[in-house]
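Below: the structure, in structure tokens.
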Amino acid sequence: MEESADKIFVTPHAVILLDGASAFVPVLVPASAYADYLGRFLADALTADPTADLHEILAEGIKATAAHYDLKAGESPSSTVTIARERDEHLDLLLLGDNTVILPGGEILTDDRIDRLDLEPRRKYRERLAAGHGYDDEHRALLRELQAQQARHRNRAGGYWIAETSPSAAIHALAFTRLTGDTPWVALASDGAYNTMSHLRLTDWVAYAQKSNYLNEVLRGCRQWETVSDPNGHLLPRAKPQDDKAAAVALIDPQLLK
């Protein structure tokens, strides 16, 4: 089994979620290795300085990861990055790429710029899956074309931004701040986890915050559902039969949990 490219790192004051993606062309560096190195860099930086500027440490992390693996733009794995960091009486949130942040009261935050491109191969592969064609040769051809089109929009104005080789991508990460007094918990989920959980209406995030092992059980159930009930992506069209899944809930003030 391949190592998951979804990574979660925890510091005394932060949770970091990364979802690595393979390079558009074959390279020796796996997406899981890229996400792991970048995640460890960010965790170490936030452990050393819990109040560090999140955009700056992300830029430094992208630069360090690219240098470590001697990566070139367009020939590199990439990764989403989401950081939830407690600072004084505030919760700082940074999103680069399409992970999802869930907050009390049903507030949902995500960076959907890649989806807003609305590229034809993405629409077509989803339509074919919904029609029952499954993961056939045409599906794989559409994914290759989708990747080629996405490459032309990566890390440039009017396109989308992702952690790859350019530190300047970090400047374009979305940033939000919430008061910790209004936010007893925060949840982070990769798209592979969030999309299936939403489809199956497994979205009781308060329950996941209250029961530490419940979320792991839900993620296992999602994987089983994809394998047994929807192996061809007919009910929930998605790029591959099983995507990596990672989610975490951080308790900020358990006494306010409701």
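Add 657 to the 1-based position in the sequence shown for the numbering used here, that's all there is to it. We treat Cβ as the ideally placed atom computed from N, Cα and C, and that holds for glycine.
Check                                                                                                                                                           : Outcome
Could I get the ranges of all uninterrupted beta strand (DSSP E) runs contained in the region 738 to 793, with 3 residues as the minimum, in chain order?       : 747 to 753, 757 to 760, 764 to 767
Per DSSP, which one or two residues make a beta bridge with Gly677?                                                                                             : Ser736
On the DSSP bridge list, what partners appear for Tyr817?                                                                                                       : Arg811
When the Cα atoms are used, what is the spatial distance from Met658 to Asp900?                                                                                 : At Met658 the pLDDT is 48, less than 50, meaning the model places this residue with poor confidence; the figure from the coordinates comes in the next sentence. Roughly 13 Å separates the two Cα atoms.
Since I believe Asp663 is in contact with Asp676 (beta carbons under 8 Å), could you give me their beta-carbon distance rounded to a whole number of angstroms? : 5 Å
Contact check, Leu776 vs Gln807 under 8 Å by CB: the rounded distance?                                                                                          : 7 Å
Please confirm whether Gly718 and Ala832 have their CB atoms less than 9 Å apart.                                                                               : no
Are the region 724 to 731 and the region 675 to 690 touching, with three or more C-beta to C-beta distances below 8 Å?                                          : yes
Would you call the region 772 to 792 in contact with the region 890 to 904, where contact means no fewer than 3 C-beta pairs closer than 8 Å?                   : yes
Run through DSSP, which three-state label would Lys897 get?                                                                                                     : coil
Would DSSP call Asp887 helix, strand or coil?                                                                                                                   : coil
Answer with buried or exposed for Thr739, where buried requires no fewer than 16 other C-beta atoms within 10 angstroms of its C-beta.                          : buried
Determine whether the beta carbon atoms of Thr737 and Asp768 lie at a separation below 9 Å.                                                                     : yes
State buried or exposed for Arg773, treating a residue as buried only when at least 16 other CB atoms are found within 10 Å of its CB.                          : exposed
Determine the contact status of Met854 and Ala846, defining contact as a CB-CB distance below 9 Å.                                                              : yes
Taking only heavy atoms of the ligand HEM into account, decide whether any of them is closer than 8 Å to the Cβ of Ile714.                                      : With respect to the ligand HEM, the structure offers nothing, as it holds no ligand at all.
Thinking C-beta only, is Thr837 closer than 9 Å to Glu743?                                                                                                      : yes
In chain order, which alpha helix (DSSP H) runs of at least 4 residues are fully inside the region 794 to 878?                                                  : 794 to 808, 848 to 856, 862 to 867
Ends of the alpha helix (DSSP H) at Asp663?                                                                                                                     : Asp663 -> not in any alpha helix (DSSP H); beta strand (DSSP E) instead, spanning 663 to 667.
Does Ala903 come out as helix, strand or coil in the three-state DSSP assignment?                                                                               : coil
By DSSP's criteria, Val672 is part of a beta bridge. Which residues make up the other side?                                                                     : Val667, Ala741
Span of the alpha helix (DSSP H) holding Leu715?                                                                                                                : 711 to 726
Taking 9 Å as the threshold (C-beta atoms), are Thr668 and Thr704 in contact?                                                                                   : yes
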